[in-house]
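Residues -20 to -1, 1 to 260 (mature numbering (1 follows the signal peptide of the UniProt record, and there is no 0)) are what the sequence shown spells out, left to right. Read the structure below first, then the notes.
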Amino acid sequence: MKIFYLFSLMLLASQFGIYAQDFQGEATYFSKTTVNMDFGGRQIPEDRKKEIMQRMKEANERTYILTFDKSASIYSEEERLEQPGNDRGGRRFGMMSGAGGDYYKDVKEGRYLVKNELLGKIFLVDDTLPKLEWKLGGESKQIGNYTAFKATATKTIKRPNMRAIFRRGGGNDDNQEEEFTEKDIEITAWYAPDIPVNQGPGEYWGLPGLILEVTDDVTVILCTKLVLNPTEKKEIKAPNKGKTVTQEEYDKISKEKMAEMRENFRRGGGGNRGGGGGRP
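This is the structure:
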């Protein structure tokens, strides 16, 4: 039975041209992140709070395109028109909440590069591709035209602590919170064995089939469109602009910038509508 199943997958893959030398696919993903905004007890006018929440919402609902072949992929945000007068604030919140772009990974070489913007400066993170220890399950569901199977993994994540940014207080507060919080979370992915490529959105990969959906504790990423062997091929090219740093170096810089942003809010600079955010 197992041999028959593998033979069927190989036959199906050959029909899609997945084993062809020039095989390529393009998947569209919608990503939505839920943010629990805590203003740290600050007395902020309701209209200002609504404005901030709207910008956070816009920064955390995005559409991405994953262009992939058998060994490499590039995950980029779909271009969209910014609303007049709202191009800085939403992007600023997005960058501080971890939104990046142009995420390139080569699963054959075990390497990734991602271009991140942090408060107006471009960084190019170049590092070893992290690998999750996936546990394959038997549960399945239909996603579009494909039967997807469930897999889970545990991952340690670091996220900006928005409460620490918005909390107002003196610099000598012994109980001040860290700019980043770290915890272990469960990742749930749904992959399609009918598309036997070792790829997925963003940093996710390592399953025996294209990952069509993945969720963590706050984010859902769902494939909404899939084209195999598109007529117009695209070059899968690693990003090359920005200051090159390792992931550890970038995390350190992010922490320093978060500390600067928190001090700016404590001094009252966070209330300015100009969105300077303490930038030099």
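Using N, Cα and C, we set each Cβ at its ideal position, and we do this for glycine too.
The closest CA to that of Phe129, considering only Lys135, Ile137, Lys138 and Glu119, is found on Glu119. Put simply, of Asp107, Ala172, Gly222 and Asn96 the residue whose alpha carbon is nearest the alpha carbon of Glu89 is Asp107.
Ser51 sits in coil when the DSSP states are folded into three classes, being neither helix nor strand. The distance from the Cβ of Tyr126 to that of Asp49 is about 19 angstroms, inconsistent with a contact at the 8 angstroms cut-off. Each residue's CA atom was taken as its position, placing Lys217 and Glu41 some 25 angstroms apart.
For Glu215, the closest C-alpha among the options Ala172, Leu46 and Lys12 is that of Leu46.
Under the 10 Å beta carbon count, Gly222 is surrounded by 16 or more other beta carbons and is classified as buried.
Boundaries of the beta strand (DSSP E) harbouring Val194: Leu190 to Thr195, taken from the DSSP string. Residue burial is scored here from C-beta neighbours: Thr224 has fewer than 16 other C-beta atoms within 10 angstroms and is therefore classed as exposed.
In this structure, the CA atom of Glu229 is about 25 angstroms from the CA atom of Ala133. Secondary structure note for Thr199: its beta strand (DSSP E) is the uninterrupted segment Thr199 to Leu208.
At the C-beta level, Thr199 and Thr43 stay beyond 8 angstroms of one another. DSSP places Asp174 outside any beta strand (DSSP E), giving it a letter other than H or E. Of all alpha-carbon atoms in Lys121, Asp196, Gly186 and Lys101, the one lying nearest the alpha-carbon of Trp114 is that of Gly186. Between Ala131 and Ala172, the CB-CB gap reaches or exceeds 8 angstroms.
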